[in-house]
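J.: Here the sequence shown is numbered in the working numbering, starting from 412 and rising by one per residue.
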Amino acid sequence: MQPASVRTDSGGDSASASSAAGDADSAASVSASALPVVSVGSRRSELALRQTHEVLRQLGPDCGRQFRIVHMDTIGDQILDRALSHIGDKGLFTQELDAALLSGQVQLVVHSLKDLPTQCPDGLAVPCILRRELPRDALVLHPRHVEAGVKDLAGLPPGSVIGTSSLRRSAQLSRAHPGLRFQSVRGNLGTRWRKLNAQECGLDGLILAEAGLVRMGWTDRIACSLQHCLPAVGQGALAVQCRNDDQDTVRLLRPLLHRDSFLEAVAERSLLRALDGGCSVPLGVRSVWSEAAGDAPRRLKLEARVLSVDGTEVFEFEADEALTEDVGEEEAGPTSAKRRRQSAGEAAEAEAAESPESPERFIGLHYPEPDGRDRRHLAACVRLGRRVADGLLALGAGPVLAAAKAAAKSAAGKLAPPVPQANAQPSC
Numbered sequence: 412m413q414p415a416s417v418r419t420d421s422g423g424d425s426a427s428a429s430s431a432a433g434d435a436d437s438a439a440s441v442s443a444s445a446l447p448v449v450s451v452g453s454r455r456s457e458l459a460l461r462q463t464h465e466v467l468r469q470l471g472p473d474c475g476r477q478f479r480i481v482h483m484d485t486i487g488d489q490i491l492d493r494a495l496s497h498i499g500d501k502g503l504f505t506q507e508l509d510a511a512l513l514s515g516q517v518q519l520v521v522h523s524l525k526d527l528p529t530q531c532p533d534g535l536a537v538p539c540i541l542r543r544e545l546p547r548d549a550l551v552l553h554p555r556h557v558e559a560g561v562k563d564l565a566g567l568p569p570g571s572v573i574g575t576s577s578l579r580r581s582a583q584l585s586r587a588h589p590g591l592r593f594q595s596v597r598g599n600l601g602t603r604w605r606k607l608n609a610q611e612c613g614l615d616g617l618i619l620a621e622a623g624l625v626r627m628g629w630t631d632r633i634a635c636s637l638q639h640c641l642p643a644v645g646q647g648a649l650a651v652q653c654r655n656d657d658q659d660t661v662r663l664l665r666p667l668l669h670r671d672s673f674l675e676a677v678a679e680r681s682l683l684r685a686l687d688g689g690c691s692v693p694l695g696v697r698s699v700w701s702e703a704a705g706d707a708p709r710r711l712k713l714e715a716r717v718l719s720v721d722g723t724e725v726f727e728f729e730a731d732e733a734l735t736e737d738v739g740e741e742e743a744g745p746t747s748a749k750r751r752r753q754s755a756g757e758a759a760e761a762e763a764a765e766s767p768e769s770p771e772r773f774i775g776l777h778y779p780e781p782d783g784r785d786r787r788h789l790a791a792c793v794r795l796g797r798r799v800a801d802g803l804l805a806l807g808a809g810p811v812l813a814a815a816k817a818a819a820k821s822a823a824g825k826l827a828p829p830v831p832q833a834n835a836q837p838s839c
């Protein structure tokens with residue numbers, strides 16, 4: 412399925428790529444030209460553009476819109492000579508796109524959910540989370556190791572160098588594989604692949620999000636999935652953002668919303684916010700569903716892990732919440748049902764207080780036109796994230812989190828001020 416019409420705009424001339432029959436069918440051409448044009452903001456990387464095109468593909472040819480893709484650079488794209496945690500903690504890949512939405516330059520933006528801060532800027536909304544890809548990390552090996560039959564990290568010789576842009580990954584994997592070295596590697600997927608194959612970079616492998624490799628069509632490069640490395644908050648999910656008052660766009664996106672993925676996002680982001688986390692914090696989390704069985708309701712479990720930067724200290728906690736239906740609540744008894752409704756209502760009211768203009772905001776995400784069941788489940792997910800955060804802090808994770816943030820701040824202070832450069836290419 413293709414969108415009705417897509418144009419790309421890199422700041423200069425535009426190029427059309429319509430799915431209509433073109434000049435050979437003037438009626439179709441006139442019809443397409445009469446459709447309203449929606450400007451879509453996207454980062455320039457191939458992965459970002461593939462993700463944007465995937466959203467437009469899912470909207471389909473009958474959505475009644477033409478789309479114009481506007482390429483943009485963010486501060487995270489322009490500063491590639493240092494680790495993400497040494498640049499800043501939040502909004503590294505979103506601030507410029509936020510500004511374009513607020514100014515009206517674009518009408519919607521496609522993000523990797525893990526890049527979105529847990530506070531949505533005033534005037535903006537995130538009303539759509541698409542069906543989530545498997546939120547796993549994957550190992551990509553240098554061709555020499557592939558030829559030698561290496562299958563996983565355990566098969567690499569001691570001292571092998573693994574590239575990653577994530578403190579979360581390096582902390583977890585340093586703990587599991589102390590004989591390996593983990594090195595910060597920045598850049599888009601194509602750049603990292605070139606660096607892996609460049610002799611001067613000395614890399615033996617890369618750790619990357621499996622969802623990104625799938626979207627790039629690079630599944631054949633995956634040596635193995637890292638099942639025991641807990642993923643980042645929101646990893647594998649795409650989020651679409653627009654202006655809060657743009658109800659036409661909110662309605663346009665509504666068919667793409669995947670409810671379970673949205674609920675997972677709310678729970679995981681609730682945990683992240685409660686811990687005041689960001690890219691400077693080694694935090695992993697996994698959402699696990701258990702289906703309803705007999706009288707037992709469906710449940711969502713969060714498994715979370717906080718580590719020291721070097722991986723020597725680790726704190727793990729998990730909890731779950733029942734996502735009950737009205738019938739199940741009544742069967743459980745009127746008193747307990749009332750108590751649960753009050754608790755869910757209090758959580759929802761606390762979230763609504765974030766933004767008087769958007770009473771259905773949950774951890775920076777906006778569920779369009781929720782019914783009572785939706786609100787109850789969303790509030791339960793907010794509560795779940797907070798419970799897991801409280802559990803981690805009770806185990807003693809607070810000082811480790813504070814130390815990670817302080818280390819990132821100190822490292823950033825010792826570096827020369829970053830100088831953004833358009834189309835920057837990272838060195839090894």
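Heads up, the beta-carbon is just placed ideally off N, CA and C, and yes, glycines get one too.
Going by Cα to Cα distance, which pick from Ala-704, Ala-715 and Asp-706 is closest to Pro-693?
T.: Counting from one through the sequence shown, the residue named residue 693 turns up at place 282. Selected option, being the one with the closest Cα: Ala-715.
J.: Which residue marks the beginning of the alpha helix (DSSP H) containing Ser-681, and which one marks its end?
T.: Numbered from 1 along the sequence shown, position 270 holds the residue referred to as residue 681. From DSSP, the alpha helix (DSSP H) with Ser-681 extends over 670-685.
J.: Do you know how far the Cα of Val-449 is from the Cα of Ser-425?
T.: Within the sequence shown, residue 425 is the residue found at index 14, counting from 1. Within the sequence shown, residue 449 is the residue found at index 38, counting from 1. Below a pLDDT of 50, predicted positions are generally treated as unreliable, and Ser-425, at 36, falls in that range; the measurement from the model is reported next regardless. Cα to Cα, Ser-425 sits roughly 14 angstroms from Val-449.
J.: Under DSSP, the beta strand (DSSP E) around Leu-619 begins and ends at which residues?
T.: Your numbering for residue 619 matches position 208 in the sequence shown. It spans 616-620 - the beta strand (DSSP E) in which Leu-619 sits, taken as one unbroken run.
J.: Going by CA-CA distance only, name the one from Thr-529, Pro-666, Arg-626 and Val-699 that's closest to Leu-683.
T.: Here residue 683 corresponds to residue number 272 of the sequence shown, with the count starting at 1. Of the listed residues, the one whose Cα sits closest to Leu-683 is Thr-529.
J.: State the start and end residues of the unbroken beta strand (DSSP E) segment that holds Ser-453.
T.: To locate residue 453, count along the sequence shown from 1; it is residue 42. Residues 448-454.
J.: May I ask you to list the residues that DSSP assigns as paired with Thr-575?
T.: For the purposes of this step, residue 575 is identified with residue 164 of the sequence shown, where counting begins at 1. Ser-595, per the DSSP bridge assignment.
J.: Tell me, to the nearest whole angstrom, how far the beta carbon of Phe-726 is from that of Ala-817; I am working on the premise that it is less than 8 angstroms.
T.: Position 315 of the sequence shown, counting from 1, holds the residue named residue 726. Position 406 of the sequence shown, counting from 1, holds the residue named residue 817. In fact, because the Cβ distance is near 17 angstroms, the residues do not count as touching under 8 angstroms.
J.: Can you list, in chain order, the residues of its chain whose CB lies under 6 angstroms from that of Ala-759, leaving out five sequence neighbours each side?
T.: For the purposes of this step, residue 759 is taken as residue 348 along the sequence shown, with counting starting at 1. With a pLDDT of 48 at Ala-759, under the threshold of 50, the modelled position of this residue cannot be trusted; read the value that follows with caution. The answer, listed in chain order, is Arg-786 and Ala-790.
J.: For Lys-526, tell me which candidate among Gly-796, Arg-626, Gly-783 and Val-651 has the shortest Cα-Cα distance.
T.: Along the sequence shown, one-based indexing puts residue 526 at 115. The amino acid occupying residue 526 in the given sequence is Asp; Lys does not appear at that position. Closest by alpha carbon: Val-651.
J.: Let me know if Asn-608 comes out buried or exposed under the rule of 16 or more other beta-carbons within 10 Å of its beta-carbon.
T.: Working through the sequence shown from its first residue, we reach residue 608 at position 197. When all chains shown are included, Asn-608 counts as exposed.
J.: Rounded to the nearest angstrom, how far is the Cβ of Val-625 from that of Glu-679, given a contact under 8 angstroms?
T.: Counting from 1 along the sequence shown, the entry for residue 625 is found at position 214. Counting from 1 along the sequence shown, the entry for residue 679 is found at position 268. Their Cβ separation, rounded to whole angstroms, is 20 angstroms, which puts Val-625 and Glu-679 out of contact at 8 angstroms.
J.: Grab the span of the alpha helix (DSSP H) containing Glu-544 for me, first residue to last.
T.: Looking up residue 544 in the sequence shown gives position 133. Counting along the chain, Glu-544 falls outside any alpha helix (DSSP H), and DSSP gives it neither H nor E.
J.: Do you know offhand how far Arg-579's Cα is from Ala-620's?
T.: The sequence position of residue 579 within the sequence shown is 168, counting from 1. The sequence position of residue 620 within the sequence shown is 209, counting from 1. C-alpha separation (whole angstroms): 12 angstroms.
J.: Look at the alpha carbon of Gly-695 and the alpha carbon of Gly-590, and state the distance between them as a whole number of angstroms.
T.: Working through the sequence shown from its first residue, we reach residue 695 at position 284. Working through the sequence shown from its first residue, we reach residue 590 at position 179. Each residue's alpha carbon lies about 22 angstroms from the other.
J.: Applying the 10 Å Cβ sphere with the 16-neighbour rule, what's the burial state of Ser-577?
T.: One-based indexing of the sequence shown puts residue 577 at position 166. Ser-577 comes out buried.
J.: In terms of residue numbering, what span does the beta strand (DSSP E) encompassing Ser-701 cover?
T.: Residue mapping note: residue 701 aligns to position 290 of the sequence shown, counting from 1. Start and end: 694-701.
J.: Between which residues of its own chain and Phe-728 is the CB-CB distance below 7 angstroms, once the five residues before and five after are set aside?
T.: Start at 1 with the first residue of the sequence shown, and residue 728 comes out as number 317. Result list for Phe-728: Ala-715, Val-799, Gly-802, Leu-803 and Leu-806, in chain order.
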